[in-house]
Every structure is written in C-alpha cells, then in structure tokens.
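Below you'll find the structure, written out as structure tokens, and then a few comments.
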Amino acid sequence: MLLHINHPSQNCLGSLNITGSKSETNRLLLLQALYPGLTIENRSNSDDSVAMNHALTTDSNLIDIHHAGTAMRFLTAFFATQEGREIVLTGSSRMQERPIGVLVDALRKLGAQISYEKKEGYPPLRISGKALKGGAVSLPANISSQYISALLLIAPHLEEGLNLTLEGEITSLPYLKMTLALLERVGVHSQFENKNIRISQQRIIEDQTQVVESDWSSASYHFSCVALSSAGRIVLSSYRQDSLQGDAVLIDVYKKLGVDTRFENNQMILEKINNFELPKTITLDLVEAPDIAQTIAVSCYGLGVACDLSGLHTLKIKETDRLIALENELSKLGAQIRVTEDSLHLSAAQDFKANQTIATYSDHRMAMAFAPLALKIGHQIAEANVVTKSYPDFWNDLEAVGFELIEK
C-alpha cells in the first residue's frame, strides 16, 4: 500500500489510546505459558505479539513467526524446555538472515537439543524439547538483550536455575532490567551483581493478573508529531512515570526539541513549548534505547537540528539495516547524513525535497518514523501497512490528530 500523507493545519491535537507494550507483552506471554495461572490485561495487538501468542498456543510442529525477532529469540529458549515436543521454528527471509547462534550455543551448554535446518547460526531451527539441567553459562553482554532475556525468562523452569555471566559492556540495559522486573512482579526473584545474574528454580507462582503498560516506542511517533507541529497537544494513555521501558527517555530527549511532558492520573500529556529556542545540534548515546533512533533522526531533520547519535550497533541486524535505510531515505529528502557501523551524523537541514516516496524496507519503524514529517512536507510512504508489526492502529491515530491520508 502506497500512502500519501499531509497535514493541512500543522496543528496536532487529540487524545489517543495506545495498546500495551510489545516488549512487556511478549515477556509476559512466555511467562504465562510457563505459569498458566498468570492473566494478562492490556496486551499489545501488534503482529509480533499475535505471532508470539499463536506460537505458544498452537499444536503445529512447524511454527512461522514471520518478521517477529523478539518471538524468534524467546521461543527458541521456550521450546528448548518443552519436554517431548519437537518443532521447527522459522520466519521470513529476512529473519533467516538474522543471527541466532550465540543464543543457541548458550542453550546447548544448558542441555538443549537444537539444530540448524539450513545455514549454520541462523533460523530455521529444529528444536527437540527436553528437561534442561541449567546451571552456569556466559554470554557477550554487547549483543541483543533479547538473547539474554530469553535465557532469564526460562531460568525458573531449569532444574538448577541459571547462573548467567555477562562479558563486556551491556547493551540495552533497560530491556534487561525490564525482564528482571517482570519476573519479580510475578514472584520470581533474582540477584544481579557485577554482571552476574542468578535465578533459582521456581515452578509455581501465585495466580495473578498483570496489566501491561502502553508502548513507549509507539508513543515516540507522537512526541515527533508534537515537536514538528506548529501547535501540538496529544494526550496518551495508559503510561507510568516510573516505566520499566527504556524508551521512556523520550521525555528527556524531546524536551531538548521543544516538547513538554506531564502526567495526570493514567495519562501522559505531550505539549509543544511556545517560543522554544531549538538547539543547533543534539548529541545522544542511544545504546539503551536504539528503537527510537529513527524517530529522533527524522524529527531533527524536520526541525533543522543537527544530530549525532551513537550506540546504534544493534540497528544493523533489525528488520533491515536501519542505519543504511535512514541514510538512503533522508538523503532522498535532501539531508546531509553519514552513518558508521554504530552511529549516525546528520547536518542541519537547509531545505526539504517534498513529494518523495519513502521506502520502508519491510520495517515498521521506517514507516512510522517518517510519517510525522508530513507536518513539514507532503510525501508518500511505501508498504504503509508494515506498521501492523508493532502498531496496527497507527494510521487511524494519525488521522485522529489531523493528518490526511490518501491511499494510492
């Protein structure tokens, strides 16, 4: 679907209900599969969470999670523990290019029986579930935090629990802390000291209900809308000031770009600051929140603010190489941009090239990051329906705050 986007008034005003965090939902879904007495409310309606839930509830021995990277990592660990069941876990062609060998090697050390159906180190995987002994294992700390979280989530069902040592500098620490906090909430205790995490076996928890906080990654696009608007006030629910989600750093980031954030009851109110003097450049280390890099880069381009973003090495192995994709599409709009293996450097925009078609590379975040730019220039988004991966209501929500969408 090719979607032409513009915003006639440049004023973004409205109230939106954002569904639960994809990151929290997928973690809780796996815990629910291990502990059936766990009930989940405000689950994410994203494709990734739908795929995760389907995989955990199907009787099929062939499980295709399509583009859902989190599901691939979490399910690899989960099915390794399912005694007596053999499955093949696969995904899209891009998923089959995303490495998973580090996680498979760690699971094998814990006793898992996993083999590669095609290329060594990559999906699809053949997993023969068994009772895993568990014990001590180590992982490089600078890899995707999803590998680490996958092990932590199954840890209480291992015979000897888990003694996990992280080697080197930890990437995406907030996501790791989110996993440990959710385990704590459901009643599974852990110790995290000096890059060592210990979780003991715990097969039973009390029956309970967990409510998922709304998704901060989804909120990022509305921060961008307010920043790029002439006048903006968007109310989002349901959010917590003490969020577990690393992307809550959006509050501090967008304060630098003229967006004020406050909380009232369960709602988060984003408002454009009047007569705000934008900085000439911003410098951010996003190693703990890489998923918001695309949104920030596009916001800065639209505001004429230069930016230097670092800590982005994990973007190379996402749905696409997000750094190259940003370089391609921002250059198309007239931006002067340079990327490295782990950073992005954008000069302040001098002029904008309107009516360009933004390629999305089958990446939901490319589509959503570029959409708010229509407050400055009309343009088209290719493969616009790719947003369903994480935020199915995205285009409806944009219309609710004044955007005009024309399907071509």
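All you need for this note's numbering is the position in the sequence shown, starting with 1, plus 123.
In this text, a Cβ means the ideal position worked out from N, Cα and C, and glycines have one as well.
Model, not experiment: these values are computed from the prediction.
{"Asked": "Contact check, E243 vs R249, beta carbons under 8 Å", "Found": "no"}
{"Asked": "A192, DSSP secondary structure in three states", "Found": "The residue asked about is misnamed: residue 192 is Gly in this sequence, not Ala. Helix."}
{"Asked": "Alpha-carbon spacing of I328 relative to Y484, whole angstroms", "Found": "42 Å"}
{"Asked": "Alpha-carbon spacing of I128 relative to T180, whole angstroms", "Found": "38 Å"}
{"Asked": "Range of the contiguous beta strand (DSSP E) that encloses E394", "Found": "390 to 395"}
{"Asked": "Per-residue burial, I447 [other beta carbons within 10 Å of its own, 16 or more giving buried]", "Found": "exposed"}
{"Asked": "Straight-line Cα distance separating A273 from T162", "Found": "20 Å"}
{"Asked": "Three-state secondary structure assigned by DSSP to Y239", "Found": "strand"}
{"Asked": "Residue environment, E147, which counts as buried when at least 16 other CB atoms sit within 10 Å", "Found": "buried"}
{"Asked": "Buried versus exposed, by CB contacts within 10 Å (16 or more), N397", "Found": "exposed"}
{"Asked": "Nearest residue (CA-CA) to G252, options A200, Y298, G224, S267", "Found": "A200"}
{"Asked": "Local Cβ density within 10 Å of D486, reported as buried at 16 or more and exposed below that", "Found": "buried"}
{"Asked": "Residues that DSSP places opposite C430 in a beta bridge", "Found": "I405, L469"}
{"Asked": "Supposed close pair S343, L373 - CB separation, criterion 8 Å", "Found": "6 Å"}
{"Asked": "Boundaries of the alpha helix (DSSP H) in which F517 is found, first to last residue", "Found": "517 to 523"}
{"Asked": "Beta strand (DSSP E) segment containing G561, residue limits", "Found": "Any answer about residue 561 is impossible in this case: the structure gives the chain only from 124 up to 531."}
{"Asked": "For V173: DSSP bridge partner residues", "Found": "According to DSSP, which records beta bridges pairwise, V173 is partnered with nothing at all."}
{"Asked": "Exposure of D375, with buried meaning 16 or more beta-carbon neighbours within 10 Å", "Found": "exposed"}
{"Asked": "Spatially closest choice to V75 from G434, A472, L303, by CA coordinates", "Found": "Within the shown structure, residues of the chain are numbered from 124 to 531, placing residue 75 beyond reach of any answer."}
{"Asked": "Bounding residues of the beta strand (DSSP E) (the contiguous stretch that carries F315)", "Found": "313 to 316"}
{"Asked": "Any non-hydrogen atom of the ligand FMN within 7 Å of E387 CB", "Found": "With respect to small molecules bound, the structure shown includes none, and the ligand FMN cannot be examined in it."}
{"Asked": "For A482 and A505, the rounded distance between their alpha carbons", "Found": "5 Å"}
{"Asked": "Run of the alpha helix (DSSP H) containing E452, from where it starts to where it stops", "Found": "445 to 455"}
{"Asked": "Residue range of the alpha helix (DSSP H) that includes L351", "Found": "339 to 351"}
{"Asked": "Closest residue to L426 among G434, T193, R363, A350 (Cα-Cα distance)", "Found": "A350"}
{"Asked": "Three CB pairs or more closer than 8 Å across the segment 213 to 230 and the segment 182 to 191", "Found": "yes"}
{"Asked": "Assigned exposure category for H312 - 16 Cβ within 10 Å defines buried", "Found": "exposed"}
{"Asked": "Presumed contact (8 Å Cβ cut-off) between S352 and Q133, rounded CB distance", "Found": "6 Å"}
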